[in-house]
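Undergrad: Pasting in a structure now, in structure tokens, and then I'll have a few things to ask.
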Amino acid sequence: MEKENYFTTFMIILVIPWSLQATTSLTGTKKKDPIKDCTREMKNKSEMCQNTTQIQAPLVNQTVTAKPKLTEFQIDAHKTISISKDDLNDLLDVYMAKLAENAATIQDKENEISQLQSRDKSDDDQLKKYQELSETCKTQNISFTATLAERDEQIKSLESKTSTYGARLKRKQHLLGLYKKQNESDAATISELKARVKALEYRLRERKDDLLADWEAATNSCLPYGKSAGIHLIQLPDFRPFLVPCDGLTAAGAGWTVIQRRFDGSVNFYRNWVEYRNGFGKLNGEFFIGLEKLHRLTTFQAHELYISLRLFNGTRRFALYDDFIIGSEKEGYEMKLLGNFHGNASDAMRTHDKMKFSTYDRDHDEFTHINCAEYHHGAWWYDFCSRSNLNGKYFKKQMDNEQGIFWDRWYSFKSLKSVQMLIRPKNAHNN
Ligand SMILES: [Ca+2]
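Going left to right, the sequence shown walks through residues -22 to -1, 1 to 409 as mature numbering (1 follows the signal peptide of the UniProt record, and there is no 0) numbers them.
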């Protein structure tokens, strides 16, 4: 019976580890560790076994004594297993090594599990991080989308501005083109003006030469210029030389000096004493020579006066006075002499003979309570007040107006279209 027990124990020891090993390899991750349990059980049984061996020692020793290193077991009547203690120990060592190997495998598996768990945790952490990152990305994406929309608006705004600026640029380019053309036109005009200036300078030099020639000729009237209608320099003793328009083309003949001219109303003749004394207007237009020059000319040598009149109906009239002298400023530029009258106009100057000259600011007329210059809107040798008013107001058509330019011995105030007063030295007839 004891031998049978021993064998059973041995078989259990042999079979269980292998079955346990198989079980462990299949269910290595189970919490309850059957291998450990089994190991414990085997240890217990081994201890038991040893005890049994110790108990059976005398018997074994007896057998060893008979057949060293061989123990025989009587399984049944026919089969006997002999096993020595050393073999058993060897077997146990093998078994224990197997156990240790299994334990190592278990430890490896545990480590593996632990590593897997650790990796799992790490993966969880990673996942969490990825989720957080995803949230961040989501938030940023929303922000980027908003920014993108804003940028789109800005781009639209900029495109609109670009369009506006483009239109402005086109307009400016158009204007620039116009300015360029204008500039070219201006350049052409400037060039033309320069050419004209050159021509004028040339004429001026010529004129200067003429004047110098005049100066050298020292003329004191227009007589030397005969039928010339140009402007010439007159020189008189103790008096600054001055220019006068000469007119040699009138019906009265050559060598006349123009002292007064009206024809279009372009020059105002309602002027004061000083202006009448000095003269005004344009030498080649409407003009008054000036009382001082008239005085100097008519006192330097005897002159005749020729007055040319033109009515609005085209009719021409003239009045000639053959001895015309104007006094000094001290004498109020009195008409000192008039001479005899000739002509087809009326003698409308006669009543002014021996009268002083009057302007609106120098009243020399015969009326005490009337300023004839103001009344007739002119300047003349007024008496009570006037039968002629050649410095009156210019009307562009015939008017019956006492302020107009009129010439009539019967106090008719019909205005004239044009008038011209000329003087010429009396000795012209002798030449
Ligand atoms: Ca008066």
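Glycine is no exception: its CB is placed at the ideal position from the N, C-alpha and C atoms.
Looking only at its own chain, which residues have a Cβ that is under 6 Å from the Cβ of Val236, when we skip the five neighbours before and after it?
TA: Pro223, Asp225, Leu400
Undergrad: Closer than 6 Å to a non-hydrogen atom of ligand 1 - does that hold for the CB of Ile348?
TA: Between ligand 1 and the CB of Ile348, the shortest heavy atom gap is smaller than 6 Å.
Undergrad: Three or more C-beta pairs under 8 Å: does that hold for the segment 259 to 267 against the segment 243 to 250?
TA: When Cβ pairs closer than 8 Å are counted between the two stretches, the segment 259 to 267 is seen to touch the segment 243 to 250, the count reaching three or more.
Undergrad: At which residue ranges does the segment 290 to 325 contain complete beta strand (DSSP E) runs of 3 or more residues, listed in the order of the chain?
TA: For secondary structure counted as the beta strand (DSSP E) over 3 or more consecutive residues, the segment 290 to 325 holds these complete runs in sequence order: 294 to 304, 313 to 315, 319 to 321.
Undergrad: Work out the CA separation of Glu170 and Asp130 for me, nearest whole Å.
TA: 58 Å
Undergrad: The alpha helix (DSSP H) that contains Phe384, what's its start and end?
TA: No alpha helix (DSSP H) contains Phe384, which DSSP labels as neither H nor E.
Undergrad: Just mark Lys271 as buried or exposed, buried being the case when its beta carbon has 16 or more other beta carbons within 10 Å.
TA: buried
Undergrad: Starting from Arg239, follow the beta strand (DSSP E) in both directions and report where the run begins and ends.
TA: 234 to 240
Undergrad: State the start and end residues of the unbroken beta strand (DSSP E) segment that holds Arg249.
TA: No beta strand (DSSP E) holds Arg249; DSSP gives it neither H nor E.
Undergrad: I'd like to confirm the pairing. Which residues does DSSP put opposite residue 415 in its beta bridges?
TA: Residue 415 falls outside the range modelled here, since the chain spans only -22 to 409, and no answer is possible.
Undergrad: Evaluate Thr197 with the Cβ neighbour count: other Cβ atoms within 10 Å of its Cβ, from every protein chain shown; 16 or more gives buried, anything less gives exposed.
TA: buried
Undergrad: State whether the segment 314 to 326 contacts the segment 340 to 350, with contact taken as three or more CB pairs (one from each stretch) at a distance under 8 Å.
TA: no
Undergrad: Just tell me which of Leu201, Leu214, Ile212, Pro219 has its CA closest to the CA of Gly231.
TA: Leu201
Undergrad: Taking DSSP's pairing of strands, which residues face Met399 in a bridge?
TA: Gln238, Ile285
Undergrad: Using the Cα positions of Leu289 and Pro219, report the straight-line distance between them to the nearest angstrom.
TA: Between Leu289 and Pro219, the C-alpha separation is close to 35 Å.
Undergrad: Name the residue from Lys139, Ile84, Ile212 whose alpha carbon lies nearest to the alpha carbon of Thr276.
TA: Answer by Cα proximity: Ile212.
Undergrad: Does DSSP put residue 442 in a helix, a strand or coil?
TA: Because the chain here runs from -22 to 409, residue 442 falls outside it and cannot be looked at.
Undergrad: Give a single yes or no on whether Phe373 has its beta carbon closer than 6 Å to a heavy atom of ligand 1.
TA: no
Undergrad: Closer than 7 Å, CB to CB, is Thr337 near chain D or not?
TA: The structure shown contains no chain D; it holds only a single protein chain.
Undergrad: Would you kindly work out how many angstroms separate the C-alpha atoms of Asp101 and Ser112, rounded to a whole number?
TA: Rounded to the nearest angstrom, the two C-alpha atoms are 16 Å apart.
Undergrad: Classify Phe266 as helix, strand or coil using the three-state DSSP reduction.
TA: Here Phe266 sits in strand by DSSP.
Undergrad: Can you tell me whether His330 is helix, strand or coil according to DSSP?
TA: DSSP, reduced to helix, strand and coil, places His330 within a helical segment of the structure shown.
Undergrad: Roughly how far, in whole angstroms, is the beta-carbon of Trp234 from the beta-carbon of Ser324, given that I think they are within contact range, below 8 Å?
TA: No, Trp234 and Ser324 are not in contact; Cβ-Cβ is about 21 Å, not under 8 Å.
Undergrad: From what residue to what residue does the alpha helix (DSSP H) around Cys350 run?
TA: 350 to 353
Undergrad: Straight-line CA distance for Glu128 to Lys134?
TA: 10 Å
Undergrad: Counting only the same chain and skipping the five closest in sequence on each side, list residues whose C-beta sits under 7 Å from that of Phe362.
TA: Glu344, Phe345
Undergrad: Following the continuous beta strand (DSSP E) through Phe217, name the residue where it begins and the one where it ends.
TA: 217 to 225
Undergrad: Per DSSP, what kind of secondary structure is Thr228 in: helix, strand or coil?
TA: strand
Undergrad: Taking all protein chains shown into account, decide if Phe302 is buried (16 or more other Cβ within 10 angstroms of its Cβ) or exposed.
TA: buried
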